Amino acid sequence: MQTKNNRFLTVLAATLWVITLHAVGLCLVVVLMIAVWGAAAEHPAEAGGFLLQVLGILAAAAAVLTGVWYALKRAGLSPAARSAVTGALACPGPVALALYLYAGH
Numbered sequence: 139m140q141t142k143n144n145r146f147l148t149v150l151a152a153t154l155w156v157i158t159l160h161a162v163g164l165c166l167v168v169v170l171m172i173a174v175w176g177a178a179a180e181h182p183a184e185a186g187g188f189l190l191q192v193l194g195i196l197a198a199a200a201a202v203l204t205g206v207w208y209a210l211k212r213a214g215l216s217p218a219a220r221s222a223v224t225g226a227l228a229c230p231g232p233v234a235l236a237l238y239l240y241a242g243h
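Reading the sequence shown from the start, the letters are residues 139 to 243 in this note's numbering.
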C-alpha cells in the first residue's frame, strides 16, 4: 500500500510528465510543418538539417534527464520522487516554447 506522500509524488510526476509530453507534441507538430514546408519549397537539405538539429536537442535533453534520474537513484530517492524531480526539470522548457509558438510572437 502506498503512503500519502508517495501517492502525492506519483500524481505530481504523472501530471508534470503529461504536461511536458503534451507541450513536446505540440512543438513537434510545428517542427514537422516547418520541415514539410521547407521540403515542398524545394529545399529538402535545409529541412533535413533542421530536423537533425531538433533531433539532437531532444537527444541531449533525454541524456541530461537520464543522468539526473540515475544521480537521484544514487542519492537514494524513491522512483516516485525521481519521476517528480525529472518531470519538474523537463517541464518548463517545452511548455515555454509551446506558449511562445502558439501565442504568435
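We treat Cβ as the ideally placed atom computed from N, Cα and C, and that holds for glycine. These numbers come from a predicted model, not from an experiment.
Any chain D beta carbon closer than 8 Å to residue i
{"i": "L239", "result": "The chain labelled as chain D is not found in the depicted structure, where only one protein chain is given."}
Three-state class that DSSP yields for residue i in the structure shown
{"i": "A218", "result": "helix"}
{"i": "C229", "result": "coil"}
N-terminal and C-terminal residue of the alpha helix (DSSP H) that residue i is part of
{"i": "T204", "result": "182–212"}
{"i": "G176", "result": "142–178"}
Nearest candidate by alpha-carbon position, reference residue i, set the options
{"i": "L196", "options": "W175, V162, T148", "result": "V162"}
{"i": "A226", "options": "T153, Y240, A173", "result": "T153"}
{"i": "R220", "options": "L190, H160, A209", "result": "A209"}
- Task: Check whether the stretch 184–192 touches the stretch 200–208, taking contact to mean three or more Cβ pairs, one atom from each stretch, closer than 8 Å.
- Result: no
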